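Counting from 1 along the sequence shown, just add 4 to a position and that's the residue number in my numbering. Every residue, glycine too, gets a C-beta built ideally from N, C-alpha and C. Every value quoted in this text rests on a predicted model; they were computed, and no experiment measured them. Here the structure is laid out as structure tokens; the discussion comes afterwards.
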Amino acid sequence: MNDKRLPPDDPREWLRRAKSNLSQAKGGIVLPNVYLEDLCFQAQQAAEKALKGVLMALKIQFPYTHDLANLLTLIKQSGQIVPQRIQEAAILSDYAVEARYPGIAEPVTRQEYEEAVSIAETVIEWAERIISDVIKKQKRLEP
Numbered sequence: 005m006n007d008k009r010l011p012p013d014d015p016r017e018w019l020r021r022a023k024s025n026l027s028q029a030k031g032g033i034v035l036p037n038v039y040l041e042d043l044c045f046q047a048q049q050a051a052e053k054a055l056k057g058v059l060m061a062l063k064i065q066f067p068y069t070h071d072l073a074n075l076l077t078l079i080k081q082s083g084q085i086v087p088q089r090i091q092e093a094a095i096l097s098d099y100a101v102e103a104r105y106p107g108i109a110e111p112v113t114r115q116e117y118e119e120a121v122s123i124a125e126t127v128i129e130w131a132e133r134i135i136s137d138v139i140k141k142q143k144r145l146e147p
């Protein structure tokens with residue numbers, strides 16, 4: 005990982021953090037004593053940071069929330085088209101709260117874990133395209 009950090013208001017830094025969370029979600033599966041719930045939390049964090057990166061690129065202020073449906077609504081309200089598969093990321097919000105603590109939710113299955121990682125990957129890929137397009141557009145408008 006590149007140790008050189010970008011400013012916190014740079015959407016590319018949010019993407020880097022999203023990719024870091026995704027790497028933890030994917031890599032943690034081989035570690036002993038790791039709960040799938042914790043890995044799903046990392047997948048949720050990956051999607052959340054990717055969506056916040058999109059909002060940052062679009063110059064939209066966002067609340068510090070784990071509610072992905074709320075973040076997706078803000079993106080859609082900007083006029084940005086959000087594909088159905090990206091909207092499905094809202095289901096990851098449960099992993100940010102209930103799944104992190106003992107006894108609140110049912111244990112996560114391997115299938116649920118794989119779906120969470122798949123959704124997070126898709127969100128990051130989509131966010132990367134949007135952020136790249138916005139940055140290119142901004143550079144064209146610079147004098």
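- Sorting Leu59, Ile64, Val58 and His70 by C-alpha distance to the C-alpha of Gln46 places His70 at the top.
- Secondary structure at Glu110: coil, using DSSP grouped into helix, strand and coil.
- Residue burial is scored here from C-beta neighbours: Gln49 has at least 16 other C-beta atoms within 10 angstroms and is therefore classed as buried.
- Only residues of its own chain outside the window of five on either side were considered, and among them Glu102 have a CB closer than 6 Å to the CB of Ile108, listed in chain order.
- With respect to Arg89, Ile123 sits close: the two C-beta atoms are nearer than 9 Å.
- Ile128 sits buried, since 16 or more C-beta atoms from the chains shown fall within 10 Å of its C-beta.
- Within the model, the alpha-carbon separation for Gln65 versus Trp18 is close to 14 Å.
- About 7 Å separates the beta carbon of Leu55 from that of Leu76, a gap short enough to meet the 8 Å contact definition.
- For Tyr117 against Leu43, the beta-carbon gap comes to about 6 Å, under 8 Å, which counts as contact.
- Between Pro36 and Glu132, the alpha-carbon positions lie close to 32 Å from each other.
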